[in-house]
Amino acid sequence: MPDPNSKELTIVRVFDAPVEVVWKYWSEPEYVKKWWGPKGFTCPAAHIDFRVGGKSHVAMHGPKGTEFDKDLWSIGVYKEIIPLKKIVTTDSFADERGNVVPATYYGMGKDFPIEMTIIVEFEDMGEKTKITLRHLGMPAGKDQEGANAGWNQQFDKLNELLQS
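1 is the number of the first residue of the sequence shown in full-length UniProt numbering; add one for each residue after it.
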């Protein structure tokens, strides 16, 4: 049972695609745009400078008529990249110009830290790839539950793409 006070969200998923293909969907903007955002969301922009010290500045847009019917931006700086093995990046909310903003900018809770860390580990399983995602600093409670649902919906979209 997860610790209700933990500020770490961990998700483990296995995808039906070789690690080289799954890696491409994480590292190349045209592929990120195909799956970024929970169910019903689109990704209208993904600016990715995929190198240590480079930035990712990505938008997701929610379903029409919802509170998320606008672009929600995030920004991160790549801290570690081990090809086909691991990606470590910071994670912050941002505006469309790439300025870091608090979560409250998007109407979310003030418990979100200004910067979190995302660690994604890729395990080559031949024709399959196991991903372990750790989102560090994620506030416990409803924010973490929402992030867990969002990440899993994104991963469902990614898995559908990889199978098509």
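Glycine is no exception: its CB is placed at the ideal position from the N, C-alpha and C atoms.
Remember, predicted model here, so these are calculated numbers, not experimental data.
Self-check item: Local Cβ density within 10 Å of W149, reported as buried at 16 or more and exposed below that
Solution: Correcting the residue type first, residue 149 is Ala in the shown sequence and not Trp. Exposed, because fewer than 16 other Cβ atoms sit within 10 Å of the Cβ of A149.
Quiz item: Would K64 pass as a contact of A46 if the rule is Cβ separation under 8 angstroms?
Solution: The answer is no: Cβ separation not under 8 angstroms.
Quiz item: Among L9, R51 and E127, which one has its Cα closest to the Cα of K79?
Solution: Nearest C-alpha to K79: R51.
Exercise. Would you mind reading off the limits of the alpha helix (DSSP H) that contains K142?
Key: Segment K142 to Q163, the alpha helix (DSSP H) holding K142.
Quiz item: What number of angstroms, rounded off, separates the C-alpha of K70 from the C-alpha of S92?
Solution: Computed Cα separation, rounded: 17 angstroms.
Quiz item: Would you call the CB atoms of Q154 and P38 closer than 8 angstroms?
Solution: The beta carbons of Q154 and P38 sit closer together than 8 angstroms.
Quiz item: Any idea what DSSP makes of P2, helix, strand or coil?
Solution: Summary for P2: the model assigns pLDDT 49, below 50, so the residue's position carries little reliability; its value from the coordinates is reported in the next sentence. Three-state DSSP puts P2 in coil, outside helix and strand.
Quiz item: When you compare each of E67, T66, V88 and A94 to I75 by their alpha carbons, which one comes out closest?
Solution: With distances taken between Cα atoms, I75 lies closest to A94.
Quiz item: Out of F122, N152, V100 and K157, which has the shortest C-alpha to C-alpha gap to T42?
Solution: Answer by Cα proximity: K157.
Practice problem: Note down the Cα distance separating M60 from P29, rounded to an integer number of angstroms. | Solution: Roughly 13 angstroms separates the two Cα atoms.
Quiz prompt | Contacts around D111, its chain only, beta-carbon distance under 7 angstroms, and the 5 residues preceding and following it disregarded | solution = Excluding the 5 residues flanking it on each side, D111 has same chain C-beta neighbours closer than 7 angstroms at P139 and D143, in chain order.
Quiz prompt | 8 angstroms CB neighbourhood of residue 189 in its chain, flanking five on each side removed | solution = Given a span of 1 to 164 for the chain in the structure shown, any question on residue 189 remains unanswerable.
Self-check item: Sequence-distant residues of its chain with Cβ nearer than 7 angstroms to E160 (five each side left out)
Solution: Correct list: empty, nothing qualifies.
Quiz item: If we ignore side chains and look at the alpha-carbon of each, how far apart do L84 and G62 end up?
Solution: The alpha-carbon atoms of L84 and G62 are separated by roughly 30 angstroms.
Self-check item: Contact set for L133: own chain, Cβ-Cβ below 6 angstroms, skip 5 residues either direction
Solution: Spatial neighbours of L133 in its own chain (CB-CB distance under 6 angstroms, excluding positions within 5 residues in sequence) are listed in chain order as I11 and V120.
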